[in-house]
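Each residue of the sequence shown is one higher than the last, beginning at 52 in the numbering used here.
Here's the structure we're looking at; comments come further down.
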Amino acid sequence: MNKRNFTTFPALVTVALSLFLCGSVADAADRRPDIVFILADDLGINDLGCYGRREHHTPHLDAMAAAGTRFTSAYCAQPICSPSRAAIMTGKNPARLHLTTYLPGRPDCPSQKLLHPIIRQQLPLEEKTLPEYLKETGYISACIGKWHLGGKGFGPAEQGFDVVHAGRPNTTPSETEGGKGEYDLTAHAMQFIEENRDRPFFLYLAHNTPHIPYTAKEPLVAKNNKAFEPVYAAVIETLDDTVGLLLAKLDALGLAKNTLVVFTSDNGGLHVPEGPHEKITHNTPYRAGKGFLHEGGLRIPLIVRWPGRVPSGRVVNAPVVNSDWVLTLAAVCGLPVPSGLDGVSLASLLTGGEAPKRPFFWHFPHYTNQGSQPEGAVREGDWKLIEYYEGSVELFNIANDIGEKNNLAATEPERVKQLRAKLNAWRDATGVQTNTPNPKFDAALHRALYEDMDVSRYNASTADAAEFARVLEWRKQMNAVVPKPPQQAKKGKSKR
């Protein structure tokens, strides 16, 4: 574990009344709640048993859902890693941060009609992060695992974390380790909990699982041989096992009742072939996956457990977004309410109240390796509009068409006009970066990648042999068109 200086917990705070969920006041003898925030990497909305994926073995997460609250319409602030993580850390929309795609970002290429905006290459140090908020009231914080919000000088230690252990994103499976460093990260997480059991702590455990490339222990792969993708299913089971170890540690230390545990993902599951994997997962019944503003890219699993505070066995269908966590945890921990953020507090919702009603906005001005194009979206009530910045628009009634199969834009022109106006007003108020025309645009390449096949409608679980062969050919075409950044070309590595 990394060396760190312990922050002195002010004597005044130890005797002060702490404001907990729903404005209730805790007994003066109680300490503020411990927080464990577990983040998976590219875990899809239906990858867990409790979300309906019956061929995946996730008994510990299923039990966590039964003991707590499971959300069916939890959204990420961006359907790709770095900006989603920035939203969790700051409570701000990635568009406001000008950090709207993964770092360092995909290079421009001739198949694009539009050029990408030049994004920030790190989460700026002037942005106040969740551990920095919590530090003000005596918390010690650890970042265990993936950061992906900046390199040297912009890492978790510079952004408020006292303990940092990155681990390795890929490991050789063995009797003591999985294929994504899961057990090493979990061991460091449990050590942090044990060392800080007598003071309020915030553990941010950011797994690399199940991001490609992945592998798993052979016995687990064999056990899952009937799954849609046996190796992927084994990786998910490994993740579940490590979550079980962590929850058991809280129980053994007598900390479970005072610990708010959050389990979620940074974005939707990867639904198209990528890297060495021809089949990965599918997000049925939702459309598309990682990199898209369709529901398969935006919806993420979210389970919250806090015995005696968060209702057990509850399912929340109301939409929430992961930029809500700063305000939510500030309320839970009795902090002054931060201002100037884009999320809302879910503190009342967590204890059984109603979800705040509001529109949800996304701005994603990028082409991705998964096949998406620059786009923005707004969801208000049951209606969702997706505006493609190349010129077209889609409108869906999510309540009636969860798979976003029926574009109602032509039959609902007034609703399209109203939602586009709201999306435009939000973009103006947020100060978003926009695209510019690509002077090197190649129409033939664009047609091959974005017109001849709409990969947002590809579903690996239902595709026949011809469609599967076509998506593999599409992947080869995409790989051939997208240039590797210089440092990756030199190392011969593939990028996200």
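Ideal placement from N, C-alpha and C gives every residue a C-beta, glycine not left out.
Coil, strand or helix - residue i by DSSP
i	result
Ser-454	Reading off the sequence, residue 454 comes out as Gly, not Ser. It is coil, neither helix nor strand.
Arg-365	strand
Cys-194	strand
Val-467	helix
Ala-91	strand
His-108	coil
Ala-208	coil
Glu-441	coil
Leu-150	coil
Arg-526	helix
Thr-188	coil
His-417	coil
Leu-349	helix
Asp-493	coil
Pro-488	strand
Asp-85	strand
Ala-116	helix
Leu-344	coil
Proximal residues to residue i (C-beta, below 7 Å), its chain only, five neighbours per side dropped
i	result
Lys-527	none
Continuous beta strand (DSSP E) stretch holding residue i: start and end
i	result
Ser-316	310-316
Phe-252	252-257
Arg-430	426-431
Asn-448	444-448
Arg-338	From DSSP, Arg-338 is part of no beta strand (DSSP E); its letter is neither H nor E.
His-199	His-199 -> no beta strand (DSSP E), and no H or E assigned at all.
Val-383	That residue, Val-383, is in no beta strand (DSSP E); its alpha helix (DSSP H) goes 376-383.
Val-215	214-216
Arg-121	120-122
CB contact below 7 Å: residue i versus chain D
i	result
Leu-436	Absence of chain D from the displayed structure is noted, only one protein chain being present.
First through last residue of the alpha helix (DSSP H) which encompasses residue i
i	result
Trp-357	No alpha helix (DSSP H) contains Trp-357, which DSSP labels as neither H nor E.
Thr-44	Because residue 44 is not part of the residues shown, which for the chain are 52 to 547, the question remains open.
8 Å CB neighbourhood of residue i in its chain, flanking five on each side removed
i	result
Ala-406	Val-367, Ala-369, Pro-370, Val-371, Leu-397 and Leu-400
Asp-235	Gly-218, Arg-219, Thr-222 and Glu-228
Ala-117	Cys-101, Ser-363 and Gly-364
Phe-243	Met-52, Ala-193, Ile-195, Val-214, Phe-252 and Leu-254
Glu-177	none
Met-504	Arg-521, Val-522 and Trp-525
Candidates the options, of which the one nearest residue i by Cα
i	options	result
Pro-145	Glu-209, Pro-270 and Leu-392	Leu-392
Ala-138	Trp-413, Gln-424 and Arg-508	Trp-413
Arg-508	Gly-482, Glu-187 and Gln-421	Gln-421
Leu-90	Gly-103, Asn-276, Asp-291 and Phe-314	Phe-314
Phe-548	Gly-230, Glu-233 and Glu-187	Given a span of 52 to 547 for the chain in the structure shown, any question on residue 548 remains unanswerable.
Val-506	Gly-305, Cys-101, Ser-423 and Ile-170	Ser-423
Asn-276	His-108, Pro-175, Ser-390 and Ser-133	His-108
Ile-331	Arg-105, Pro-84, Asp-98 and Ala-208	Asp-98
Ala-299	Leu-353, Leu-470 and Leu-112	Leu-112
Pro-416	Ala-114, Gln-129 and Val-87	Gln-129
Leu-311	Gly-340, Asp-515, Tyr-153 and Arg-356	Arg-356
Met-257	Pro-224, Ala-461 and His-199	With the sequence shown as reference, residue 257 is identified as Ala, and Met is not the correct amino acid for it. When only C-alpha atoms are compared, the closest one is His-199.
Presumed contact (8 Å Cβ cut-off) between residue i and residue j, rounded CB distance
i	j	result
Ser-135	Asp-317	4 Å
Gly-230	Tyr-265	6 Å
Pro-261	Val-294	Actually they are not in contact, since the Cβ atoms of Pro-261 and Val-294 sit about 13 Å apart, beyond 8 Å.
Ile-96	Gly-342	Between Gly-342 and Ile-96 the Cβ distance is about 15 Å, and since that is not below 8 Å, they are no contact.
Thr-289	Glu-226	With a Cβ gap of about 13 Å, Thr-289 and Glu-226 do not count as contacting.
Spatial neighbours of residue i in its chain, beta-carbon cut-off 6 Å, leaving aside the 5 residues before and after
i	result
His-328	Ile-263
Cys-73	Residue placement at Cys-73 is poorly supported in this model, since its pLDDT is 35, which falls under 50; the coordinates still yield a value, given next. Closer than 6 Å at the Cβ level, and outside the excluded window around Cys-73, lie Ser-399 and Thr-402.
Thr-487	Leu-166
Leu-148	Ala-137
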